[in-house]
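Residue numbers (the working numbering): 19 to 111. By construction, the Cβ of each residue, glycine as well, lies at the ideal position given by its N, Cα and C atoms. Notes follow the structure.
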């Protein structure tokens, strides 16, 4: 399974759960996570998607730490089985 299939499943499950999984790009700030998850009541998190077994690059790890230091949740998903639990955690937080 590749990253694109995981990304499609994330966007579909987010929609089915009442939220959005918006593609996130920042032309002047490399290494940002791939998706921004938005749910009712101001619930939000960033998601870095990886092919199974792949790890974030050093710049991506730096950006994840920066975002987390501001109080935002950041999830790294490399398996479709992780998606449901992450959505549930975000909605219930």
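The alpha helix (DSSP H) enclosing residue i, as first and last residue numbers
i          : result
residue 63 : Taken as a continuous stretch (DSSP letters only), residue 63 belongs to no alpha helix (DSSP H), being part of the beta strand (DSSP E) at 61-67.
residue 80 : 76-87
residue 22 : 21-34
residue 91 : No alpha helix (DSSP H) contains residue 91, which is instead part of the beta strand (DSSP E) from 91-95.
residue 73 : Premise fails: residue 73 is in no alpha helix (DSSP H) and is neither H nor E.
residue 2  : The question about residue 2 has no answer, for the chain in this structure spans 19 to 111.
Residue range of the beta strand (DSSP E) that includes residue i
i          : result
residue 38 : 38-41
residue 55 : 53-57
Separation of residue j from residue i, as counted between CA atoms
i          : j           : result
residue 25 : residue 40  : 10 Å
residue 52 : residue 110 : 22 Å
residue 86 : residue 80  : 10 Å
residue 61 : residue 103 : 15 Å
residue 83 : residue 44  : 17 Å
residue 31 : residue 73  : 23 Å
residue 36 : residue 101 : 14 Å
residue 47 : residue 71  : 25 Å
Beta-carbon spacing of residue i, residue j below 9 Å
i          : j           : result
residue 69 : residue 20  : yes
residue 55 : residue 38  : yes
residue 95 : residue 28  : yes
residue 65 : residue 93  : yes
residue 63 : residue 42  : no
residue 57 : residue 108 : yes
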